[in-house]
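Q:
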Amino acid sequence: MKFVHWLAGMACAVSLAGAAHADSLKDAIKGDHRTPAYAARDQYRHPEETLNFFQVKPTMTVVEIWPGGGWYSEILAPMLKGKGTLYAAHFPAATEVGYFKRSRESFEKLLAEEKDVYGAVKLTEFAPGGDSEIAPAGSADAVLTFRNVHNWMGGNNEQAAFNTFFKALKPGGVLGVVEHRAKPGTSREEMGKSGYVTQDYVIELAKNAGFVLEESSEINANPKDTAKHPKGVWTLPPSLRLGDEDKEKYQAIGESDRMTLRFRKPKS
862 MKFVHWLAGM ACAVSLAGAA HADSLKDAIK GDHRTPAYAA RDQYRHPEET LNFFQVKPTM
922 TVVEIWPGGG WYSEILAPML KGKGTLYAAH FPAATEVGYF KRSRESFEKL LAEEKDVYGA
982 VKLTEFAPGG DSEIAPAGSA DAVLTFRNVH NWMGGNNEQA AFNTFFKALK PGGVLGVVEH
1042 RAKPGTSREE MGKSGYVTQD YVIELAKNAG FVLEESSEIN ANPKDTAKHP KGVWTLPPSL
1102 RLGDEDKEKY QAIGESDRMT LRFRKPKS
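Be aware that the sequence shown starts at 862, since it is given in our numbering, and climbs by one per residue.
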């Protein structure tokens, strides 16, 4: 009888922990601190479903790669605050690239001005192919990267990036990848130009680094997207690189078709 009561207690504790996790994520997504323009993109980026798929929990140590303006940081920071840790591995502080510099400075300002939300965030940097430390080696439960793989291909640094992620993760840790998805057979050159990367190539990069593909999801898929546009992925929202030219057409397509992949660092 005692054993039965113990099992019931354990089941209740697991249920409560799951509920707390769900509430923490939902509260972060619905928070008043979120930028309205960012929240409007939830219909395309599916943050609740995506972070649940990546098995992110409030007690974890999470590394977000190149958070940019903080779209996912707005959700991850309050979700992890107090119980977990968020490392924001942003662009290098010493960068000479104008966009990188402006983006990092804007992010630093966000952290400084809204300490009630971002006060616990640990700002690091990520330079693919460099020796920057995104987090102490073997310390992270999860490394997350959203729509970044194509950015590293210009400098032939995509494999080095995945190697860095592997080093930062604990054995058994998760690598979560969301990326614009090219059609199978797309050349590497075209991937670099268009911003779309084949799913097979991303899986190859991860496996080369030592990861195991655990599961793929169609959470962020968009069957309306042909991945063939005059200005690549930037033709579509939110960039709309063509301006008013065929604007309604591209708005009707919506944001890009994206792969969502969960990899695991082997425990041994």
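Note that CB positions come from ideal geometry on N, CA and C, so glycine has one too.
Rounding to the nearest angstrom, what Cα-Cα distance links serine 1077 and methionine 1120 in this structure?
A: Those two C-alpha atoms are separated by around 8 Å.
Q: Under a three-way DSSP split, which group does histidine 1011 fall into?
A: Looking at histidine 1011 - three-state DSSP - the assignment turns out to be helix.
Q: Could you check how far apart the C-beta atoms of aspartate 1061 and proline 1084 are, in whole angstroms? I think they sit under 8 Å.
A: That pair is no contact at about 19 Å.
Q: Please return the same chain residues whose Cβ sits closer than 8 Å to the Cβ of glutamate 975, not counting the five positions on each side in sequence.
A: The residues are His894.
Q: By Cβ distance below 7 Å, which residues in the same chain neighbour proline 928 in space, the five residues on each side in sequence not counted?
A: Hits under 7 Å: Ser934, Ala949, His951 and Phe968.
Q: For glycine 943, tell me which candidate among Gly1033, Glu1079 and Val978 has the shortest Cα-Cα distance.
A: The shortest Cα separation from glycine 943 among Gly1033, Glu1079 and Val978 belongs to Val978.
Q: Taking only three categories from DSSP, how would you classify tyrosine 948?
A: Reduced to three states, the DSSP call for tyrosine 948 is strand.
Q: With a threshold of 16 other CB atoms inside 10 Å of the CB of proline 897, please say whether the residue is buried or exposed.
A: That one is exposed.
Q: Residues in the same chain with beta-carbon distance under 6 Å from leucine 971, minus the five sequence neighbours each way, listed in chain order, please.
A: Result list for leucine 971: Gly931, in chain order.
Q: Go through its chain and collect everything with a Cβ distance to lysine 920's Cβ below 7 Å, but skip five positions before and after it.
A: Note that residue 920 corresponds to threonine in the displayed sequence, not to lysine. Excluding sequence neighbours, threonine 920 sits near Lys944 and Gly945.
Q: State the DSSP-derived secondary structure class of leucine 937, mapped to helix, strand or coil.
A: Helix.
Q: Taking the CB atoms as reference points, tell me whether valine 1073 and valine 1010 lie closer together than 8 Å.
A: The answer is no: Cβ separation not under 8 Å.
Q: Mind the definition here: the stretch 955–963 touches the stretch 991–1000 only if three or more C-beta pairs lie below 8 Å; say whether that holds.
A: No, the stretch 955–963 does not touch the stretch 991–1000.
Q: Return helix, strand or coil for threonine 920, following the three-state DSSP convention.
A: Threonine 920 falls in the coil class under three-state DSSP.
Q: Pull up the DSSP beta-bridge partners for histidine 1041, would you.
A: According to DSSP, which records beta bridges pairwise, histidine 1041 is partnered with Arg1119.
Q: I'd like to know if the stretch 1024–1032 and the stretch 1092–1109 are in contact, where contact means that at least 3 CB-CB pairs between them fall below 8 Å.
A: Segments in contact, no.
Q: Assuming contact is defined by CB atoms lying nearer than 8 Å, are phenylalanine 1007 and valine 1039 in contact in what I supplied?
A: The answer is yes: Cβ separation under 8 Å.
Q: Using beta-carbon positions only, say whether lysine 1126 and proline 997 come within less than 8 Å of one another.
A: It is not a contact, given that the beta carbons lie outside the stated cut-off.
Q: Per DSSP, serine 1077 is paired with what?
A: For serine 1077, which the question treats as bridged, DSSP gives the partners Leu1122.
Q: Just verifying my parser: in three-state terms, what is the DSSP assignment at glutamate 910?
A: Correct three-state label for glutamate 910: helix.
Q: Alpha carbon to alpha carbon, how far is glutamate 1004 from serine 1129?
A: Checking the sequence shown, residue 1004 turns out to be valine, not glutamate. Roughly 18 Å separates the two Cα atoms.
Q: Could you compute how far the alpha carbon of glutamate 1050 sits from the alpha carbon of asparagine 1017?
A: If you take the alpha carbons of glutamate 1050 and asparagine 1017, they lie about 11 Å apart.
Q: Assign isoleucine 995 to one of three DSSP states: helix, strand, or coil.
A: Coil, per DSSP.
Q: Could you name the residues of the same chain whose beta carbon sits closer than 7 Å to that of threonine 911, not counting the 5 residues immediately before and after it, in chain order?
A: Within the same chain, threonine 911 has close Cβ partners Val1039, Ile1080, Asn1081 and Thr1121.
Q: Could you have a look at glutamate 925 and say whether DSSP puts it in helix, strand or coil?
A: Strand at glutamate 925.
Q: According to the Cβ coordinates, are alanine 1001 and alanine 981 closer than 8 Å?
A: No. Outside cutoff.
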